[in-house]
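Asker: Heads up: the sequence shown runs through residues -20 to -1, 1 to 566, numbered per mature numbering (1 follows the signal peptide of the UniProt record, and there is no 0). Even for Gly, the Cβ is constructed at its ideal location relative to N, Cα and C.
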Amino acid sequence: MYRSWWLLGAIHLLVSVVTAMLPQSPIQCDGTGGCNLFNSYGVWNDRKNCHVPNVTYPRTENELLRAVAYANQNKLKLRVVSQFSHTIPKLACPATSTGNSLLISTSSYDSGIEIDAANLAVTVDGGVGLRKLIDTVEAAGLSLVAAPYWEGVSIGGLISTGSHGSSWWGKGGSVHDHIVGLSLIVPAKQSEGYAKILRLEPKDQLFNAAKVSMGLLGVISKVKLLLEKGFKRSVSYDFTDDDQIENKYMDHGKKYEFADITWYPSKHTAAYRYDNRVPLNISGDGVYDFLGFQANPILVSKSVRASEKVMDNGHNLSGKCILASSFLGYKKLVANGLKNGLIFTGYPVIGNQGKMQTSGSCLYSTGKDSSCAWDPRINGLFFYETTAIFPAPKFRDFILDVKKLRDLVKPENFCGVDIYNGFLIRFIKASEAYLGQPEESVVVDFNYYRADDASTPRFDQDVWEEVEQLAFFKHGAKPHWAKNRNMAFLNVQSKYSKFTKFVGVKRQLDPQNMFSSEWSDEIVFGKEGAKSDGCGLEGMCICSEDRHCSPGKGYFCKPGVVYEEARVCRYSPSSNVESDSPKTDL
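(1) Should Ser411 go down as buried or exposed, given a rule of 16 or more other Cβ atoms within 10 Å for buried?
(2) With distances taken Cα to Cα, identify the nearest neighbour of Ser88 among Ala275, Asp105, Ala98.
(3) Candidates Ser85, Phe18, Arg357: which alpha carbon is nearest Val61's?
(4) Roughly how many angstroms lie between the CA atoms of Ser524 and Gly534, to the nearest whole one?
(5) If you draw a straight line from the C-alpha of Leu100 to the C-alpha of Ile330, how long is it?
(6) With DSSP run on the structure shown, which of helix, strand or coil describes Cys521?
(7) Are the segment 446 to 460 and the segment 8 to 26 touching, with three or more C-beta to C-beta distances below 8 Å?
(8) Grab the span of the beta strand (DSSP E) containing Thr367 for me, first residue to last.
(9) Under the assumption that Ala190 contacts Leu196 (Cβ atoms under 8 Å), give the Cβ distance between them as a whole number of angstroms.
(10) Excluding the 5 residues flanking Asn427 on each side, which residues of the same chain have their C-beta closer than 8 Å to its C-beta?
(11) Spatial neighbours of Ser561 within its chain, please: CB distance less than 7 Å, with the 5 preceding and 5 following residues excluded, ordered by chain position.
(12) Between Asn493 and Met194, what straight-line distance do the alpha-carbon atoms span, to the nearest angstrom?
(13) If you pair each beta-carbon of the segment 249 to 263 with each one of the segment 318 to 325, do three or more pairs fall below 8 Å?
(14) Mind checking which residues open and close the alpha helix (DSSP H) that includes Lys228?
(15) CB Phe536 to CB Ser146, shorter than 7 Å?
(16) What whole-angstrom Cβ distance do Ile95 and Gly334 have, given they're in contact under 8 Å?
(17) Exposed or buried, what is Ala47 when buried is set at 16 or more other beta-carbons lying within 10 Å of its beta-carbon?
(18) Could you check the C-alpha separation between Lys234 and Ile379 for me, to the nearest Å?
(19) Please tell me whether Asn261 and Tyr236 are closer than 7 Å, where the distance is taken between their beta carbons.
(20) Ala247 and Leu308: beta carbons closer than 7 Å?
(21) Using the C-alpha atoms, what's the distance from Lys289 back to Ala431?
(22) Taking C-alpha atoms, which residue in Asp157, Arg39, Ile165, Ser91 lies nearest to Tyr414?
(23) Can you give me the start and stop residues for the beta strand (DSSP E) that Thr220 sits inside?
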């Protein structure tokens, strides 16, 4: 009865050619006045539309400059969106309260890539896609060292949100720490033409503010990145027991240049990625085509989603665990998408850096039979994505608390996250960026089921709310700027020692707050919105009363199991509907 991710992959073994729909534009206009902006999931955290009255598509840096000047001269609020729009929080949405706003799309600003082979550098337009950049660099016999795992992002977007891969070696896994030049278009005086271009280098005082800016300082027009001579990587996975993972992660991150760990808590399993570079003359034409980013048959994606909904509505933990076991078994079989050529034939898988560092094959095929599994047009997978960033030594205590929670509430409650690739653990180095990580850090990502309707609770949502609150409140983790539910950003400014410096630069470069919106203020300044009925169900608030959950459907605001200060929406059908006071009910 129950189907899983393994079906998505199994069909790839049977079908030699898979055609897929290209992702839709994040900007949708109906001709009746203005447009709506969406992210790649087709819905924002608050489930409300982002209406933009005006959109412009500059093709050159000069056209970008004119767009910023026009907005400044006409006192318009301004934001920038890339071709694919993968920011989960509503950062890309301009202020909507006044209606006087302009959206810049960089989808047509994607042609400029200038390689300086002598100095091992590349200068690239902000709208260029990551895959296009990597392929161009590799064709010149060079390699970009750091990149996020998902390639469906623009250079300007990934830089401004602090996107990263995984490495504690060299300059580390954060792409912004490989920048040696950045061009930023900012508002200017009338005498300067209302906008100007700042050409920033590491020696400039503004550089460390501009490296991770979330589009709040200006528009990134060009980025200059360091390169290295081309190299290959050798990758193997070791699927083993998760015993002692809390004592092994530090050594693992130090030993392998591109190490990561995927933890499947319900299965007591950890997959350690052994990943180091090797010389170009080592044989191997491997590819990393991550399973979750491959094109999936639409009918199968719909079927998986339908099965998930039935299980969640029916409180069927055993069904979720069958899915999790199937997924993990298939991942072992096909090495999570590693291929020695056309298929996986054994470890190690050796291939060029450009083919091993990032994935996203579902983005580039054309057709109508398959798509990215989360494409909002097909009613496929729909999920939350949480990313927490810990100072490296503190991550150990988080792991121990998650294990304790797992064992107290039953491992079966964690099967839902193991359907979505478990906990992905990565490593990033300390950064000088004001809104980067000030110390060597460990990043954990996990995805989990989201209901179609905002008022529909999820059966095991109290578990994931407690895991989130363990991360962000008990253990002081920082949220990834482009991911997470709104609650993860509460009081985030207090977690960055250089946050005040960043705000000072913003006041200097954008004194009229042209690049700010109600959405960016809520995220960047960690403000909690007004609490309302059901606001705890989707992380728009931390519940403090039962009405913030769904008492009519048996979900009440309760303390955490391990972290008693947490407040979570827990299914408790025997609870007194009249009572708003938290009670422990396991």
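Answerer: To lay it out plainly:
(1) What you label residue 411 is simply residue 431 of the sequence shown in a count that begins at 1. Buried is the call here.
(2) For the purposes of this step, residue 88 is taken as the residue at position 108 of the sequence shown. Closest by alpha carbon: Asp105.
(3) Counting from one through the sequence shown, the residue named residue 61 turns up at place 81. The option with the nearest alpha carbon to Val61 is Ser85.
(4) Residue 524 sits at position 544 when you count from the first residue of the sequence shown. Residue 534 sits at position 554 when you count from the first residue of the sequence shown. Answer to the nearest angstrom: the Cα atoms are 16 Å apart.
(5) As a first step, residue 100 must be located in the sequence shown, where it is residue number 120. As a first step, residue 330 must be located in the sequence shown, where it is residue number 350. The straight-line gap from Cα to Cα measures roughly 24 Å.
(6) Start at 1 with the first residue of the sequence shown, and residue 521 comes out as number 541. Cys521: coil per DSSP, three-state reduction.
(7) no
(8) Stepping through the sequence shown from its first residue, residue 367 is reached at position 387. From DSSP, the beta strand (DSSP E) with Thr367 extends over 363 to 371.
(9) Taking the first residue of the sequence shown as position 1, residue 190 is located at position 210. Taking the first residue of the sequence shown as position 1, residue 196 is located at position 216. Contact doesn't hold; Cβ gap of about 10 Å is too wide.
(10) For this step, residue 427 is matched to residue 447 along the sequence shown. Result list for Asn427: Phe363, Tyr364, Glu365, Thr366, Val397, Tyr400, Asn401, in chain order.
(11) If you number the sequence shown from 1, residue 561 lands on position 581. Summary for Ser561: the model assigns pLDDT 39, below 50, so the residue's position carries little reliability; its value from the coordinates is reported in the next sentence. Around Ser561: no qualifying Cβ.
(12) As a working note, residue 493 is residue 513 in the sequence shown. As a working note, residue 194 is residue 214 in the sequence shown. So the two alpha carbons sit approximately 13 Å from each other.
(13) As far as the Cβ criterion goes, the segment 249 to 263 does not touch the segment 318 to 325, which means the pair count is below three.
(14) On the sequence shown, residue 228 is found 248 positions in, with the first residue counted as 1. Residues 225 to 235.
(15) Numbered from 1 along the sequence shown, position 556 holds the residue referred to as residue 536. Numbered from 1 along the sequence shown, position 166 holds the residue referred to as residue 146. Not closer than 7 Å, so no.
(16) Within the sequence shown, residue 95 is the residue found at index 115, counting from 1. Within the sequence shown, residue 334 is the residue found at index 354, counting from 1. Incorrect: roughly 14 Å between the Cβ atoms, too far for contact.
(17) The residue labelled residue 47 in the question sits at position 67 within the sequence shown. By the 10 Å Cβ count, Ala47 comes out buried.
(18) The residue given as residue 234 occupies position 254 in the sequence shown. The residue given as residue 379 occupies position 399 in the sequence shown. Roughly 18 Å between the two C-alpha positions.
(19) Walking along the sequence shown from the start, residue 261 turns up at place 281. Walking along the sequence shown from the start, residue 236 turns up at place 256. The answer is no: Cβ separation not under 7 Å.
(20) As a working note, residue 247 is residue 267 in the sequence shown. As a working note, residue 308 is residue 328 in the sequence shown. Inspection of the sequence shows that residue 247 is occupied by Lys rather than by Ala. Going by C-beta atoms, Lys247 is nearer than 7 Å to Leu308.
(21) Along the sequence shown, one-based indexing puts residue 431 at 451. Along the sequence shown, one-based indexing puts residue 289 at 309. Approximately 8 Å between the Cα atoms of the pair.
(22) The residue given as residue 414 occupies position 434 in the sequence shown. Nearest option by C-alpha distance: Asp157.
(23) Along the sequence shown, one-based indexing puts residue 220 at 240. Where Thr220 is concerned, the enclosing beta strand (DSSP E) stretches over 212 to 221.
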